[in-house]
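Step one of this worksheet: look at the structure below.
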């Protein structure tokens, strides 16, 4: 029997959560993002704003040019996570074959449920609409690839100032037919460079790609060629991944004005390291490779990384490694536009901890708890106090 896979995507999620907090936002052009004078970018745009060409990852300054009346709201990530948890808990209760892809996106395998995929999707949509006040769209197919593409196509087919709340069903046996007229870029694994190679071969649609013998694609693209051939025909055997392992955590800061003050840059570096450490501990993860990212005013971007023999999750440990990398690539008084810290090669920490390591964890946990209860500034780094005193004087 063919599988029944549903792809669920919360429409303009951040914006719709903001509209729950402030209903007067409904129907007007607004977005969640950073301030234009701080080189901010758009995280999410309402559908009214999208009508003016505003979209996520667009610089806020450009978004305001496209839509002069655009209302830009600072993100409230904690509230977004709270609503996401409610949605994901509801989805998990429908079936244990559940895969969360991002804060606002998930796959469900409902093959064992008696109702049709479309009936289940409608029930999901109605309940999320009514109980949580959030719009969502669903794609239904026999596999993850086609369900995801179906959802994207269904959402884009509905225009207007309101979220699409679309449901798009691709029936068993119609997968290749559905995909055929779509641009080849819709397929997973086809980025800009690959699509350009396809274009040079005269391939612009998924249907055209499906007509190329698999042996020929394999000759040109290697192992990826076989995957392209299968996906172009709507074939995808990927299972639902029950427990996603996070691959990396990163934080970065774009400055409103370029910064060349070494003390200030190091304070920001420490703040970023603190944020990553907190996320690691909350996720019960450790990491072995610390990465540093610096961007100069001309947009030249440098990255360096260091892999450790022992995984870490403590703020100071992350900061120490990031500082070493910083010293390697930053020249005195060199202006910086953006600074970022990341950590990857994540894993669950060993249960056997040394006494010193355990005491470090307990201390850091206490700091995390105090900040959670009384705010981020309840406990601050000593260098921050020194900096504030200098400013007062």
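Residue numbers (the working numbering): 1370 to 1762. All C-beta atoms, glycine included, are put in the ideal place defined by N, C-alpha and C. Keep in mind the model is a prediction, meaning the values are calculated, not measured.
The three-state secondary structure of residue 1509, taken from DSSP, is strand. The C-alpha of residue 1643 lies about 41 Å from the C-alpha of residue 1523. The beta carbon of residue 1422 sits closer than 7 Å to those of 1435, all from its chain and outside the five residues before and after it, given in chain order.
Each residue's CA atom was taken as its position, placing residue 1683 and residue 1689 some 10 Å apart. Per DSSP, the beta bridge partners of residue 1656 are 1681. A straight-line Cα-Cα distance of about 40 Å links residue 1396 and residue 1572. In this structure, residue 1555 sits away from residue 1589, with a CB-CB distance that is not shorter than 8 Å. If the five residues before and after residue 1703 are omitted, its C-beta is found closer than 8 Å to the C-beta atoms of 1629, 1665, all from its own chain and listed in chain order. With the rule of 3 Cβ pairs closer than 8 Å, the segment 1433 to 1450 counts as touching the segment 1398 to 1414. Under a 10 Å Cβ-count criterion, residue 1655 is classified as buried, with 16 or more other Cβ atoms of the shown protein chains found around its own Cβ. Check the Cα spacing between residue 1693 and each of 1716, 1635, 1670, 1429: the tightest is with 1635.
Proximity of the segment 1424 to 1433 to the segment 1400 to 1416 meets the contact definition, three or more beta-carbon pairs being nearer than 8 Å. In the same chain as residue 1510, and ignoring 5 residues on each side of it, the C-beta atoms closer than 7 Å to its own belong to 1374, 1516, 1519, 1539, 1544, in chain order. Sequence-distant partners of residue 1650 (beyond 5 residues in either direction) whose C-beta falls short of 6 Å from its own C-beta, in its chain, are 1682.
Under the three-state reduction of DSSP, residue 1468 is assigned to strand. Here residue 1386 has 1445, 1448, 1449, 1452, 1503 as same chain residues with Cβ atoms under 8 Å from its own Cβ, once five neighbours each way along the sequence are excluded. Here residue 1612 is exposed. Its C-beta has fewer than 16 other C-beta atoms within 10 Å. Nearest to residue 1686 by C-alpha distance, out of 1413, 1501, 1660, 1569, is 1660.
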